[in-house]
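Some notes on the structure that comes next.
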Ligand SMILES: *[C@@H]1O[C@H](CO)[C@@H](O)[C@H](O)[C@H]1NC(C)=O
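In my numbering, the protein residues as written are 344 to 739.
Structure below.
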């Protein structure tokens with residue numbers, strides 16, 4: 344039997360690997376934020392360490408991991424830019440909690456806390472974001488002068504993003520923002536903030552295509568999911584919403600030139616004690632915007648104020664709305680298998696534009712009650728059809 348021989352080139356490779364970088368755990372592909380100086384004490388500013396680890400991971404020639412071990416890491420606003428990335432696959436594995444500064448001015452004036460821009464192939468796995476927004480909400484509540492606040496996690500102009508098992512707590516403003524992106528998968532997201540926290544939308548999507556939101560639980564003070572201009576091919580499945588303002592397409596149509604919303608599916612969702620179930624909301628202003636090809640399917644409604652609503656007469660201060668109705672054309676919206684309880688008498692409200700009436704609204708298998716009796720429906724400028732049992736009686 345021949346003696347086992349280790350080729351010397353193999354030994355050299357091992358030595359290179361061991362001494363390549365103190366931050367690398369395996370073959371230079373994992374970058375631990377602690378080896379760049381991050382402190383898991385919740386008090387030391389770890390911003391620079393996170394940025395260094397990011398630059399190392401995204402500057403790697405091959406797939407790389409940025410690793411955040413358990414513990415609490417204080418971060419000021421962090422800008423993760425993809426400009427100088429070489430790797431087209433960066434995994435950010437978070438076993439710890441990222442904590443915003445207690446002084447809300449610091450990130451609140453910037454408007455974003457953790458911001459990714461022009462990145463491709465970035466995945467975030469696990470982790471908790473603690474936006475510590477309560478003091479800012481109180482400032483707003485008291486009507487004092489406060490900054491607008493920061494979105495906790497924002498992705499701009501990025502593609503092929505996967506976010507799995509992320510938890511976001513008490514954001515100052517929006518929890519998660521997806522803007523100008525292609526192919527984004529959010530799976531198992533948990534979002535939590537007080538039901539009366541202002542402008543704390545759960546997940547806001549705009550100017551993006553191919554966003555999928557699966558198996559998520561959102562309880563917050565504003566929309567659980569809000570859908571802005573230029574959203575297409577959005578898929579939301581298995582969503583638990585409440586407290587919050589429901590799932591909202593809009594507000595749209597503030598601008599006279601505005602990208603439309605197209606091909607949105609919300610499938611299998613529960614709404615518990617929310618202000619709205621599914622809403623489409625447009626400003627009563629001239630616009631070339633549109634909403635088309637939307638499916639709301641298999642929804643359970645539990646004590647919701649406006650389970651099904653289209654509001655095209657939105658103009659809160661009755662200013663800057665020149666009595667022309669909304670220019671946003673709404674068509675081909677399907678409501679299928681929606682049942683439960685309304686917290687108000689009018690469970691279905693289609694208040695469409697007088698200049699661009701809604702068309703192609705379909706209701707199929709809708710059953711909503713108010714105090715154990717059928718609720719009512721109200722329609723203005725709404726056209727479409729019903730099939731199967733529909734309660735309240737359709738006004739289409
Ligand atoms: C609509 O969007 C889904 C993804 O949400 C996509 O699979 C489907 O192809 C899109 N349909 C059209 C007609 O573009």
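Even for Gly, the Cβ is constructed at its ideal location relative to N, Cα and C.
Practice item. Could you please go through the chain and list the residues whose beta-carbon is closer than 5 angstroms to any non-hydrogen atom of ligand 1? Key: Per the Cβ criterion, the list is 576, 578, 606.
Check your understanding: In angstroms, rounded to a whole number, what distance separates the CA positions of residue 550 and residue 581?
Key -> Working through the chain shown from its first residue, we reach residue 550 at position 207. Working through the chain shown from its first residue, we reach residue 581 at position 238. Going by the C-alpha atoms only, they are around 23 angstroms apart.
Check your understanding: I think residue 457 touches residue 495, with their Cβ atoms under 8 angstroms apart; what is that distance to the nearest whole Å?
Key -> Here the question's residue 457 lines up with position 114 in the chain shown. Here the question's residue 495 lines up with position 152 in the chain shown. Cβ-Cβ separation between residue 457 and residue 495: approximately 6 angstroms, consistent with a contact (criterion under 8 angstroms).
Exercise for review: Check whether the Cβ atoms of residue 406 and residue 378 sit closer than 7 angstroms, and answer yes or no.
Suggested key: For the purposes of this step, residue 406 is taken as the residue at position 63 of the chain shown. For the purposes of this step, residue 378 is taken as the residue at position 35 of the chain shown. Cβ distance not < 7 angstroms, so residue 406 and residue 378 don't count as in contact.
**Study point:** the stretch 641-648 touching the stretch 657-673, judged by at least three CB pairs closer than 8 angstroms
**Key:** Short answer: they don't touch.
**Study point:** Ranges of the alpha helix (DSSP H) found wholly within the stretch 509-547, counting only runs of at least 4
**Key:** Not a single unbroken stretch of the alpha helix (DSSP H) spanning 4 or more residues falls wholly within the stretch 509-547.
Review point. Based on the DSSP secondary-structure assignment, which residues constitute the bridge partners of residue 449?
Key: Within the chain shown, numbered from 1, the residue matching residue 449 stands at position 106. When DSSP reads this structure, residue 449 sits in no beta bridge, so it has no partner.
**Study point:** Buried/exposed call for residue 409, threshold 16 Cβ in 10 Å
**Key:** As a working mapping, residue 409 is identified with position 66 in the chain shown. Buried: at least 16 other Cβ atoms inside 10 Å.
**Study point:** Contact set for residue 602: own chain, Cβ-Cβ below 6 angstroms, skip 5 residues either direction
**Key:** Taking the first residue of the chain shown as position 1, residue 602 is located at position 259. 572, 573.
Review point. Grouping DSSP H, G and I as helix and E and B as strand, with all else coil, what is residue 618?
Key: Counting from 1 along the chain shown, the entry for residue 618 is found at position 275. The answer is coil: DSSP assigns residue 618 none of H, G, I, E or B.
Point to revise | Segments assigned alpha helix (DSSP H), at least 4 residues, entirely inside the stretch 646-708 | key: As far as the stretch 646-708 is concerned, it has no whole alpha helix (DSSP H) run of at least 4 residues.
Exercise for review: Please report the residue range of the beta strand (DSSP E) in which residue 392 lies.
Suggested key: The residue labelled residue 392 in the question sits at position 49 within the chain shown. Judged by DSSP secondary structure, residue 392 falls outside any beta strand (DSSP E) and instead within the alpha helix (DSSP H) spanning 390-401.
Exercise for review: Mind checking which residues open and close the alpha helix (DSSP H) that includes residue 723?
Suggested key: Taking the first residue of the chain shown as position 1, residue 723 is located at position 380. For residue 723, no alpha helix (DSSP H) segment is defined; the enclosing uninterrupted segment is the beta strand (DSSP E) at 719-723.
Practice item. Please check if any C-beta of chain D sits within less than 7 angstroms of the C-beta of residue 469. Key: Absent here is chain D; the protein component of the structure consists of one chain.
Practice item. Throw me the rounded Cβ distance for the residue 534 and residue 555 pair, which I believe falls under 8 angstroms. Key: For the purposes of this step, residue 534 is taken as the residue at position 191 of the chain shown. For the purposes of this step, residue 555 is taken as the residue at position 212 of the chain shown. Actually they are not in contact, since the Cβ atoms of residue 534 and residue 555 sit about 16 angstroms apart, beyond 8 angstroms.
Review point. Once you ignore the five residues that flank residue 392 on each side, which residues in its own chain have a CB closer than 6 angstroms to its CB?
Key: Within the chain shown, numbered from 1, the residue matching residue 392 stands at position 49. Only residues of its own chain outside the window of five on either side were considered, and among them 376, 379, 380, 381 have a CB closer than 6 angstroms to the CB of residue 392, listed in chain order.
Review point. In the structure shown, what three-state DSSP assignment does residue 477 receive?
Key: Locating residue 477 in the chain shown gives position 134, counting from the first residue. Under the three-state reduction of DSSP, residue 477 is assigned to helix.
Point to revise | DSSP state of residue 579 mapped onto helix, strand, coil | key: The sequence position of residue 579 within the chain shown is 236, counting from 1. In the structure shown, residue 579 falls within a strand segment according to DSSP collapsed to helix, strand and coil.
Check your understanding: Can you tell me whether residue 441 is buried or exposed, with buried defined as 16 or more other CB within 10 angstroms of its CB?
Key -> Looking up residue 441 in the chain shown gives position 98. Only buried fits residue 441, as 16 or more other CB atoms lie within 10 angstroms of its CB.
**Study point:** Nearest-angstrom Cα separation, counted from residue 460 out to residue 424
**Key:** Indexing the chain shown from 1 puts residue 424 at position 81. Indexing the chain shown from 1 puts residue 460 at position 117. Computed Cα separation, rounded: 5 angstroms.
Practice item. Assign residue 610 to one of three DSSP states: helix, strand, or coil. Key: Within the chain shown, numbered from 1, the residue matching residue 610 stands at position 267. DSSP places residue 610 in strand when its eight states are reduced to three.
Practice item. Can you check DSSP and say which residues form a bridge with residue 465? Key: Walking along the chain shown from the start, residue 465 turns up at place 122. In the DSSP output, where bridge partners are listed per residue, residue 465 has 433.
Exercise for review: Kindly indicate the opening and closing residues of the beta strand (DSSP E) around residue 409.
Suggested key: On the chain shown, residue 409 is found 66 positions in, with the first residue counted as 1. Run containing residue 409: 407-411, per the beta strand (DSSP E) assignment.
Practice item. In the DSSP assignment, find the beta strand (DSSP E) that holds residue 375 and state where it starts and stops. Key: For the purposes of this step, residue 375 is taken as residue 32 along the chain shown, with counting starting at 1. Counting along the chain, the beta strand (DSSP E) containing residue 375 begins and ends at 373-375.
**Study point:** Contact check, residue 676 vs residue 709, beta carbons under 7 angstroms
**Key:** Translated into the one-based positions of the chain shown, residue 676 becomes position 333. Translated into the one-based positions of the chain shown, residue 709 becomes position 366. With contacts defined as CB atoms closer than 7 angstroms, residue 676 and residue 709 fail to qualify as a contacting pair.
Review point. In whole angstroms, what separates the C-alpha of residue 584 from that of residue 617?
Key: One-based indexing of the chain shown puts residue 584 at position 241. One-based indexing of the chain shown puts residue 617 at position 274. Going from the Cα of residue 584 to the Cα of residue 617 covers about 7 angstroms.
Practice item. Give me the Cα-Cα distance between residue 482 and residue 522, rounded to the nearest whole angstrom. Key: As a working note, residue 482 is residue 139 in the chain shown. As a working note, residue 522 is residue 179 in the chain shown. Each residue's alpha carbon lies about 28 angstroms from the other.
Exercise for review: State the Cα-Cα distance for the pair residue 389 and residue 470, rounded to the nearest angstrom.
Suggested key: As a working mapping, residue 389 is identified with position 46 in the chain shown. As a working mapping, residue 470 is identified with position 127 in the chain shown. Straight across, the Cα-Cα distance linking residue 389 with residue 470 is about 16 angstroms.
**Study point:** For residue 494, the residue or residues it bridges with in DSSP
**Key:** The sequence position of residue 494 within the chain shown is 151, counting from 1. As a beta-bridge residue in DSSP terms, residue 494 pairs with 455.
Exercise for review: Could you spell out the range, first to last residue, of the beta strand (DSSP E) harbouring residue 423?
Suggested key: Residue numbering aside, residue 423 sits at position 80 when the chain shown is read from its first letter. Under the DSSP assignment, residue 423 falls in the beta strand (DSSP E) whose first and last residues are 421-424.
**Study point:** residue 561 versus 553, 547, 552, residue with shortest Cα-Cα distance
**Key:** Here the question's residue 561 lines up with position 218 in the chain shown. Among 553, 547, 552, the Cα nearest to that of residue 561 belongs to 547.
Check your understanding: Which class does residue 378 belong to by DSSP, given the choice of helix, strand or coil?
Key -> Within the chain shown, numbered from 1, the residue matching residue 378 stands at position 35. Three-state DSSP puts residue 378 in a helix.
Review point. Whose CA, out of 714, 679, 705, lies closest to the CA of residue 738?
Key: For the purposes of this step, residue 738 is taken as residue 395 along the chain shown, with counting starting at 1. The residue from 714, 679, 705 with its alpha-carbon nearest to that of residue 738 is 705.
Review point. Residues bridged to residue 597 by DSSP?
Key: One-based indexing of the chain shown puts residue 597 at position 254. The partner list for residue 597 (beta bridge, DSSP) is empty, contrary to what the question assumes.
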